[in-house]
Amino acid sequence: MAVPVMPRSNIDQSLPVCLVGQQRSHEPAWRDLWPDRLTPQALYRGAFLRVDGERPEAAHHARVLVVATLADWGLLRAGLQADAQVCVSELVGNVVRHALRPVHGSADDRLVSVGLRCWPTELFLEVGDHDPRMPCLPAPGAAVPAMADGGRGLVMVKALADGLFCKRADHGGKVVYCRFALARFGLRSGAAGGAACGSA
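Pasting the structure below:
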């Protein structure tokens, strides 16, 4: 079912309700602005899942959500599927490695939210957690092998996606988003609600 999108955001406006609550813009150096073309009249499809980050199958469940959702939406193209699966695996892995720690002292602290949203021309993949620390993307030109304590995963995600950005959640955590332009994968704009159809 398509859900209307709230007015587009800028640095000081709220974003649409997401699986981890109302979002606020955050401005890490590497963020990609919420696209202006996603107007208040735009409709999107959404699919969301919460997984226990302490379970070894967390990334697997996230990949299953990606494949099942892309198939359901008619977006199961080899390139998009592969890129989205790598990105969700890396982002869930980052949460498991860096963000699973008691923040509020509740069981929710270990939950990882995974979601997909599709507009007629773009797919957004999102991974959220309860840790307030924002991820750090290495500076452009940084030698990837020299990064002793990680950083390679976000470099890979940024290379595969058409956009990468992060937003603060009201509960104090964050959501990291990847944006994929459907045309790059031979998919053309479809019906309202994010359905894409056929080849470009």
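Quick note: to get this note's numbering, add 227 to the position in the sequence shown (first position is 1).
Glycine included, every Cβ here is placed at the ideal spot set by N, Cα and C.
Beta-bridge pairing of residue i - partner residues as DSSP gives them
i	result
Pro-401	First, the residue type needs correcting, since residue 401 is Lys and not Pro in the sequence shown. In the DSSP output, where bridge partners are listed per residue, Lys-401 has Asp-356 and Arg-395.
Gly-342	Phe-275 and Glu-353
Start and end residues, beta strand (DSSP E) containing residue i
i	result
Ala-274	270-279
Beta-carbon proximity of residue i to residue j, cut-off 8 Å
i	j	result
Gly-342	Ala-274	yes
Arg-411	Gly-390	no
Leu-409	Leu-350	yes
Arg-337	Glu-284	no
Val-315	Ala-289	yes
Gly-413	Arg-304	yes
Pro-359	Leu-381	no
Val-402	Ala-396	yes
Gln-308	Val-294	yes
Cys-393	Tyr-271	no
Ala-311	Leu-297	yes
His-357	Gly-400	yes
Leu-276	Val-384	no
Backbone secondary structure at residue i - three-state DSSP
i	result
Glu-349	strand
Ala-408	strand
Lys-304	Inspection of the sequence shows that residue 304 is occupied by Arg rather than by Lys. Note: Arg-304 maps to coil in three-state DSSP.
Leu-381	helix
Leu-414	strand
Met-328	The amino acid at residue 328 is misidentified as Met; the sequence shows Arg. If DSSP states are grouped into helix, strand and coil, Arg-328 belongs with coil.
Cys-314	helix
Arg-337	helix
Ser-252	For Ser-252, the pLDDT reaches just 32, beneath the cut-off of 50, and the residue's location in the model is therefore unreliable, although a value from the coordinates is still provided. In the structure shown, Ser-252 sits in a strand (DSSP, three-state: E or B).
Trp-257	The pLDDT assigned to Trp-257 is 38, lower than 50, so where the model puts this residue is not dependable; a value taken from the coordinates is nonetheless given after this. Note: Trp-257 maps to coil in three-state DSSP.
Met-374	Low confidence applies here, because Met-374 scores a pLDDT of 49, under 50, leaving its location unreliable; read the following figure in that light. Correct three-state label for Met-374: coil.
Residue i - containing alpha helix (DSSP H), residue span
i	result
Ala-388	Unbroken run through Ala-388: none, as it is neither H nor E.
Arg-290	285-299
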